[in-house]
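Quick note: the sequence shown uses the working numbering, first residue 154, plus one each step.
Where a beta carbon is used, it is the ideal one built from N, C-alpha and C, also for glycine.
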Amino acid sequence: MSKYPAIIVCGNNKGGVGKSTLAFHLAIGFLHQGFRVACIDLDGGQGTLSRSIENRQKYSQSSEQSLDVPSFLRVSPEESLLEEIKEKISQYITSCGADVIIIDCPGTDNALARYGHTLADVLVSPMNDSSIDLDLFVNISQDGQSEVQVQKLPLGSYAHMVWEQRLERAAKQSVSLEWVVVRNRMHNLVSRNQLYIENILTKLSKRIGFHVVGTIGERVIFRELFPLGLTLLDKQEKNTTLSHITARQELRTLSDFLLKLLKLKS
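Below, the structure written as structure tokens:
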């Protein structure tokens with residue numbers, strides 16, 4: 154394994170798509186597989202990832218359970234100049250001793266979010282199954298479903314930003330940025346809208362080069378576990394439902410795919 158940690162960035166210019174929750178679950182999942190994991194919360198103002206880890210630390214102590222807890226760095230852009238933040242992040246990456254670093258980016262297009270994207274070996278972009286979310290990837294229109302039309306449609310603001318960061322990374326490093334799009338908060342009943350978005354994403358992935366990996370269902374349990382700092386990947390023998398088992402498999406499918414991209418072995 155490389156001495157320099159592999160870096161996974163959870164990013165999307167839109168808030169409310171589940172970046173922080175997914176980042177936390179990935180971190181705990183990798184810990185369970187024996188990796189040393191650190192997290193960087195670039196959305197420090199909101200701090201959902203940081204609070205999840207803090208809640209986990211507190212619950213581990215109060216319940217006297219030995220839970221795996223990642224180290225983390227919380228960054229708030231209001232506290233320092235961008236260059237100072239970059240230096241702090243650089244020092245943390247080289248000194249944290251992790252095999253894998255998970256970075257949670259803010260749901261906006263700003264200088265800090267763009268910097269976070271340039272650090273990624275793998276970018277993971279969760280999105281809700283809505284036309285509004287899809288429009289950040291490609292400027293859709295009512296008649297834009299054919300493959301020819303998708304090839305011609307303008308890129309959305311987020312896809313354009315990722316393209317720029319890919320070019321910047323390519324200019325500095327020989328290793329390319331892998332991009333994974335995850336359809337999040339999916340409902341059980343398949344709708345015409347779901348099929349429409351799946352069709353567009355499949356065609357768009359060939360055009361701009363990203364992987365569409367699995368789906369993660371909409372489940373209240375994710376929000377219920379937040380105060381405890383627990384995840385569905387932690388062992389919970391009581392009240393386990395088929396929905397919880399399915400959710401674990403969805404998360405493991407994603408984490409296994411990421412490990413293959415990073416060429417890491419647990």
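In chain order, D282 place their CB closer than 6 Å to the CB of Q347, counting only its own chain and leaving out the 5 sequence neighbours on each side. Taking C-alpha positions only, A251 is separated from Y157 by approximately 8 Å.
Nearest to L342 by alpha-carbon distance, out of L289, E371 and R405, is E371. Look at I293 here: in three-state DSSP terms it is coil, with no helix or strand label. In the DSSP annotation of this structure, S396 is not part of any beta strand (DSSP E); the continuous alpha helix (DSSP H) holding it starts and ends at L395 to L415. Between G309 and D288, the CB-CB gap stays under 7 Å. Apart from the 5 residues on each side of it in sequence, G200 sits with its Cβ closer than 7 Å to the Cβ of D194 and R227 in its chain, given in chain order.
About 15 Å separates the beta carbons of F188 and T384, which is beyond the 8 Å limit, so they are not a contact pair.
In this structure, the alpha-carbon of K211 lies about 8 Å from that of L381.
Restricting attention to S216, A266, F225 and M280, the CA atom closest to the CA of S205 is found in F225.
Selection H313, L357, K325 and I254 evaluated against V303 yields L357 as nearest (Cα-Cα). The beta carbon of V275 sits closer than 7 Å to those of I161, E331, V333, L411, L414 and L415, all from its chain and outside the five residues before and after it, given in chain order. Residue pairing for G269: DSSP places it in no beta bridge.
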